[in-house]
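Trainee: The structure that follows is given in the form of structure tokens.
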Amino acid sequence: LAKAITIAIRYSSMRRQFGSPGQPETPVLDYPIVQYRLIPILAKTYAMIGMSHEFYSQYEKTASAISNGDFSSLKEMHAVSCGLKRWTSDTCVYGVDTCRHCCGGHGFSQFSGLNEFFANIYPTMIVEGDNYMLAKQVASYLVKSAIDIKLLKSVESNDTTNAISRFLAPSSSASRSGFFSWRNKSASEISTSRSMLLDLLSYRFVTKVANLAAKIQSNSVTMDDSSIESQAISSAHAEYIVCLYHSRHLEKLPASSNLVPILTTLFNITALDLLTKNSSDLYEFTGDASMSHKQITSLQSEYISLIKAARVQAVPLVDSLAVPEEKLNSSLGKSDGFVYEDLIKRALNEPVNRDITGDKIRADFYNNYIGPVLKSNSTKL
Numbered sequence: 056l057a058k059a060i061t062i063a064i065r066y067s068s069m070r071r072q073f074g075s076p077g078q079p080e081t082p083v084l085d086y087p088i089v090q091y092r093l094i095p096i097l098a099k100t101y102a103m104i105g106m107s108h109e110f111y112s113q114y115e116k117t118a119s120a121i122s123n124g125d126f127s128s129l130k131e132m133h134a135v136s137c138g139l140k141r142w143t144s145d146t147c148v149y150g151v152d153t154c155r156h157c158c159g160g161h162g163f164s165q166f167s168g169l170n171e172f173f174a175n176i177y178p179t180m181i182v183e184g185d186n187y188m189l190a191k192q193v194a195s196y197l198v199k200s201a202i203d204i205k206l207l208k209s210v211e212s213n214d215t216t217n218a219i220s221r222f223l224a225p226s227s228s229a230s231r232s233g234f235f236s237w238r239n240k241s242a243s244e245i246s247t248s249r250s251m252l253l254d255l256l257s258y259r260f261v262t263k264v265a266n267l268a269a270k271i272q273s274n275s276v277t278m279d280d281s282s283i284e285s286q287a288i289s290s291a292h293a294e295y296i297v298c299l300y301h302s303r304h305l306e307k308l309p310a311s312s313n314l315v316p317i318l319t320t321l322f323n324i325t326a327l328d329l330l331t332k333n334s335s336d337l338y339e340f341t342g343d344a345s346m347s348h349k350q351i352t353s354l355q356s357e358y359i360s361l362i363k364a365a366r367v368q369a370v371p372l373v374d375s376l377a378v379p380e381e382k383l384n385s386s387l388g389k390s391d392g393f394v395y396e397d398l399i400k401r402a403l404n405e406p407v408n409r410d411i412t413g414d415k416i417r418a419d420f421y422n423n424y425i426g427p428v429l430k431s432n433s434t435k436l
């Protein structure tokens with residue numbers, strides 16, 4: 056995904072189309088619809104990088120505990136890894152394809168490099184566990200944890216069970232209204248508060264888990280019947296974990312770092328992207344947790360504003376990913392901006408266009424394919 060977004064951002068910032076009369080043509084990346092498609096992918100790329108560091112730290116802790124005979128964190132690690140595998144592979148596949156589309160016709164050229172990335176990454180939705188099946192494993196762990204918490208059974212303390220306990224544990228009901236940090240807050244306050252965004256993401260997944268757990272407890276459905284609901288539950292949980300882990304990674308930066316403002320903006324874009332593109336979930340919040348129509352619709356406006364604000368640093372941000380050009384293998388992703396010059400150079404270097412080999416290749420193709428068809432048609436005439 057880092058390679059694809061590097062190519063798409065560089066090309067769309069260099070490629071120009073249309074503009075006001077008498078004025079230079081406008082860079083494609085300056086059009087809001089292109090920003091809306093590419094900037095969130097850039098934000099998610101950084102989110103995955105931050106998440107992966109924290110996830111590896113969690114993995115090392117679990118591996119160390121297991122080596123000492125402590126398997127208590129294994130179940131959550133399995134659920135989290137299944138959910139993240141599913142979410143990251145889906146996000147990368149659709150992200151790379153979006154980058155390819157945003158590059159127009161050239162995006163589908165072999166010289167773009169994007170087709171190779173897409174072909175390589177597409178199988179990840181199936182290999183190492185089919186994504187639809189993995190969702191069911193995640194949901195099974197979450198539902199069992201929720202039921203145990205509601206029944207006041209002992210559960211291992213971790214990020215997942217702590218979030219569920221916060222909103223579902225019977226002992227917390229008396230003061231639960233204080234958990235909903237977004238109450239009576241403006242969309243502007245919510246969209247710039249990392250803690251509020253995390254609260255919304257956590258409550259969203261807990262609500263979905265609680266709804267399925269209630270059905271299973273009442274024997275109206277079984278886990279085997281809940282494969283469809285499991286997809287949304289797994290996605291919501293993974294999105295919370297991605298943002299939670301990314302947030303922890305950002306907290307390691309010194310507060311005075313010049314990177315904090317733009318990386319915080321990217322975090323906010325990621326969280327708002329996940330919330331606003333599933334805004335129907337927010338309308339399902341009830342009671343003290345409910346959100347007003349104005350809050351929800353205004354979050355979309357704040358999301359668009361943050362995307363526009365991030366545009367000015369889009370090119371430096373992809374350059375900071377530092378993907379070597381030999382790995383990009385792309386005319387469109389040239390860091391020097393000489394896109395079309397490189398396209399011509401690559402085209403001329405193709406065997407069919409070379410002076411020495413081109414004539415023979417074209418002659419053989421004509422004699423083997425075109426010629427026989429023409430002769431066959433002339434005979435019929």
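For the sequence shown, our numbering assigns the number 56 to the initial residue and increments by one for each residue that follows.
A virtual CB, placed ideally from N, CA and C, is assigned to each residue, including glycine.
Give me the DSSP bridge partner(s) of residue 81.
Mentor: Beta-bridge pairing links residue 81 to 72.
Trainee: Is residue 367 closer than 9 Å to residue 61 when the C-beta atoms are compared?
Mentor: No.
Trainee: If you follow the alpha helix (DSSP H) that residue 342 is part of, which residue opens it and which one closes it?
Mentor: Taken as a continuous stretch (DSSP letters only), residue 342 belongs to no alpha helix (DSSP H), as it is neither H nor E.
Trainee: So, for residue 211: in the same chain, excluding its five sequence neighbours on each side, which residues have a beta-carbon less than 8 Å away from its beta-carbon?
Mentor: 127, 128, 130, 131.
Trainee: Please work out which residues of its chain come closer than 6 Å, Cβ to Cβ, to residue 241, disregarding the five sequence neighbours upstream and downstream, and give them in chain order.
Mentor: Same-chain partners within the cutoff: there are none.
Trainee: Between the Cα of residue 203 and those of 236, 272, 214, spot the shortest distance and give me the residue it belongs to.
Mentor: Residue 272 is the option with its Cα nearest to residue 203.
Trainee: Which value, in whole angstroms, describes the spacing of the CA atoms of residue 58 and residue 103?
Mentor: Distance from the CA of residue 58 to the CA of residue 103, rounded to the nearest whole angstrom, comes to 13 Å.
Trainee: Can you tell me the Cα-Cα spacing of residue 312 and residue 318, whole angstroms?
Mentor: 10 Å
Trainee: The alpha helix (DSSP H) spanning residue 322 covers which residue range?
Mentor: 315-331
Trainee: Considering only residues of the stretch 185-256, which uninterrupted alpha helix (DSSP H) runs meet the minimum length of 4 residues and lie entirely inside it, listed in chain order?
Mentor: Secondary structure within the stretch 185-256: the alpha helix (DSSP H) runs of 4 or more consecutive residues, fully enclosed, are 186-205, 214-223, 242-246 (chain order).
Trainee: Distance check for residue 347 and residue 326, CA to CA, integer angstroms please.
Mentor: Each residue's CA atom was taken as its position, placing residue 326 and residue 347 some 19 Å apart.
Trainee: In chain order, what residues of the same chain have a beta carbon less than 7 Å from the beta carbon of residue 141, not counting five sequence neighbours either side?
Mentor: Hits under 7 Å: 186, 189, 190, 289, 293.
Trainee: Helix, strand or coil for residue 271, going by three-state DSSP, please let me know.
Mentor: helix
Trainee: DSSP state of residue 86, grouped into three classes?
Mentor: Secondary structure of residue 86 (DSSP, three-state): coil.
Trainee: Taking 7 Å as the limit between beta carbons, can you name the residues of its chain near residue 63, skipping five residues before and five after?
Mentor: 93, 154, 157, 158
Trainee: Can you tell which of 282, 299, 283, 286 has its C-alpha closest to the C-alpha of residue 258?
Mentor: 299
Trainee: Name the two residues that bound the continuous alpha helix (DSSP H) containing residue 173.
Mentor: Residue range 169-176 is occupied by the alpha helix (DSSP H) that includes residue 173.
Trainee: Less than 9 Å between the beta carbons of residue 362 and residue 91, yes or no?
Mentor: Yes, the pair counts as a contact, with Cβ atoms nearer than the cut-off.
Trainee: Would you mind working out which of 148, 78, 296, 133 sits nearest residue 56, comparing C-alpha positions?
Mentor: Checked all of 148, 78, 296, 133; the closest Cα to residue 56 is 148.
Trainee: Between the beta-carbon of residue 101 and the beta-carbon of residue 372, is there less than 9 Å?
Mentor: Residue 101 is a Cβ neighbour of residue 372, given a cutoff of 9 Å.
Trainee: CA-CA distance, residue 201 and residue 274?
Mentor: 15 Å
Trainee: Evaluate the contact criterion for the stretch 106-126 versus the stretch 75-88: three or more CB pairs, one atom per stretch, below 8 Å.
Mentor: no
Trainee: How should residue 375 be labelled, buried or exposed, when 16 other C-beta atoms within 10 angstroms of its C-beta is the threshold for buried?
Mentor: exposed
Trainee: To which residues of the same chain is residue 355 closer than 6 Å at the C-beta, ignoring the five residues directly before and after it?
Mentor: 331
Trainee: Is the separation between the beta-carbon of residue 198 and that of residue 278 shorter than 9 Å?
Mentor: Yes, these two residues count as a Cβ contact at 9 Å.
Trainee: Hey, residue 246 and residue 357 are a contact pair by Cβ (cut 8 Å); roughly how many whole angstroms apart?
Mentor: 4 Å
Trainee: On the CB-based measure, 16 or more other CB atoms within 10 Å of its CB, does residue 256 come out buried or exposed?
Mentor: buried
Trainee: Expressed to the nearest angstrom, what Euclidean distance is found between the alpha-carbon atoms of residue 177 and residue 365?
Mentor: Per the coordinates, the alpha-carbon of residue 177 lies some 28 Å from the alpha-carbon of residue 365.
Trainee: If contacts are defined as beta-carbon pairs under 8 Å, then residue 83 and residue 72 qualify, I think. What distance do you get, rounded to the angstrom?
Mentor: Residue 83 to residue 72, Cβ: 6 Å. Contact.
Trainee: Distance, Cα to Cα, residue 423 vs residue 134?
Mentor: Rounded to whole angstroms, residue 423 to residue 134 spans 57 Å at the Cα level.
Trainee: For residue 437, does the three-state DSSP call read helix, strand or coil?
Mentor: Residue 437 lies beyond the range of the chain shown here (56 to 436); nothing can be said about it.
Trainee: Less than 6 Å between C-beta atoms, sequence neighbours within five positions excluded: which residues of the same chain meet that for residue 70?
Mentor: 83
Trainee: What did DSSP end up calling residue 162 once you bin it into helix, strand or coil?
Mentor: helix
Trainee: Hey, how far is the Cα of residue 214 from the Cα of residue 276?
Mentor: 27 Å
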